[in-house]
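Here's the structure, in structure tokens; my notes come after.
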Amino acid sequence: GAGVSQSPSNKVTEKGKDVELRCDPISGHTALYWYRQSLGQGLEFLIYFQGNSAPDKSGLPSDRFSAERTGGSVSTLTIQRTQQEDSAVYLCASSLPLRDRGRAFFGQGTRLTVV
Amino acid sequence: SQQGEEDPQALSIQEGENATMNCSYKTSINNLQWYRQNSGRGLVHLILIRSNEREKHSGRLRVTLDTSKKSSSLLITASRAADTASYFCATADSNTGNQFYFGTGTSLTVIP
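In the order they appear, the protein sequences are chains A and B. Reminder that position 83 of the first sequence reads as 124 in the numbering used here, one-by-one numbering, no gaps. Reminder that position 76 of the second sequence reads as 87 in the numbering used here, one-by-one numbering, no gaps.
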């Protein structure tokens with residue numbers, strides 16, 4: 042596609058439910074990032090995928106959070122047993138490898154509200 | 012935290028004035044980038060400055076980088092109401108090269 046696509050745009054879920062957030066990166070971008078942004082805050086790094094390398098999961102806040110990237114393209118971020126503090130905008134970005142001076146292209150985000 | 016810090020957190024100016032935002036970071040970097048965010052959604056890339064560059068211009072934007080002080084500034088000249096947004100700096104760690112580290116952002120309001 043022409044840009045990074047995220048779905049759904051908005052998600053309201055009940056506390057305790059599982060949610061899946063999807064990201065379609067720009068074709069050919071080997072790097073994919075997930076960030077979380079709480080209201081009025083900066084971007085919190087969650088996870089990074091680069092090609093076939095093991096992902097950098099150092100930013101995942103708890104074991105309720107997981108992500109996968111199938112076939113080096115689409116990525117899914119899963120949050121299990123959602124809590125109210127998980128409410129935030131989840132942003133996905135893709136880029137060429139940073140060492141190739143890649144800039145990040147962001148999707149419009151998924152606004153998650155846990156009620 | 013490896014995240015940077017933008018300063019000020021919020022800035023309000025009159026249309027036509029210049030806006031200056033600063034960013035400090037902690038790691039050794041390959042490059043530093045500035046992004047803009049409208050309405051808490053996706054970020055849009057504005058400008059990239061490499062670690063061996065000291066100043067860069069793009070239209071009404073001017074970015075400086077001081078690697079000895081681990082700081083950068085973004086100047087928006089002749090501001091417009093449409094410049095109202097949040098501005099973030101992001102650094103690419105030269106050691107890991109794995110990810111972008113974002114600052115906390117400056118919220119800019121340009122009053123018509």
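Backbone N, C-alpha and C fix where the C-beta goes; we use that ideal spot for every residue, glycine too.
heavy atom of the ligand PLP below 7 angstroms from residue i C-beta
i     : result
Q82/A : The ligand PLP is not among the ligands present in this structure, which contains no ligands whatsoever.
Residue closest to residue i, alpha-carbon to alpha-carbon, out of the options
i      : options                           : result
S99/A  : E109/A, I67/A, S79/A and I88/A    : I88/A
G57/A  : T117/A, S128/A and S50/A          : S128/A
T117/A : S103/A, C133/A, F147/A and F86/A  : C133/A
W45/B  : L119/B, K37/B, Q25/B and V55/B    : V55/B
Q124/A : E109/A, L153/A and R144/A         : L153/A
S90/B  : I40/B, E16/B and M32/B            : M32/B
A108/A : V115/A, T119/A, V45/A and C64/A   : T119/A
F111/B : T117/B, V121/B, C100/B and S118/B : C100/B
A93/B  : D104/B, L119/B and F113/B         : L119/B
P102/A : T111/A, E85/A and N93/A           : E85/A
D104/A : V156/A, Q121/A and F90/A          : Q121/A
T151/A : N93/A, G92/A and Q78/A            : Q78/A
K52/A  : G44/A, R63/A, A72/A and A43/A     : R63/A
T102/B : E28/B, A96/B, L72/B and C34/B     : C34/B
Q149/A : N29/B, E66/B and R52/B            : R52/B
R73/B  : D104/B, I87/B, N29/B and E17/B    : I87/B
G44/A  : G92/A, H70/A, W75/A and G113/A    : H70/A
Exposure label - residue i; buried when at least 16 CB within 10 Å
i      : result
A95/A  : exposed
T115/B : buried
S69/B  : exposed
N63/B  : exposed
P123/B : exposed
S12/B  : Caution is warranted here: a pLDDT of 45 is assigned to S12/B, below 50, making its placement in the model unreliable, and no coordinate value can be reported.
N42/B  : buried
V156/A : exposed
Q47/A  : buried
P66/A  : buried
Reduced DSSP category for residue i - H, G, I as helix; E, B as strand; rest coil
i      : result
T111/A : helix
D65/A  : strand
E26/B  : coil
Q82/A  : coil
Q125/A : helix
K81/B  : coil
R144/A : coil
T151/A : strand
A21/B  : strand
A103/B : strand
Residues sharing a beta bridge with residue i, DSSP
i      : result
V60/A  : I120/A
K67/B  : V74/B
A96/B  : L119/B
Y89/A  : Y74/A and D97/A
V45/A  : According to DSSP, V45/A bridges with nothing at all.
Y131/A : R77/A and T151/A
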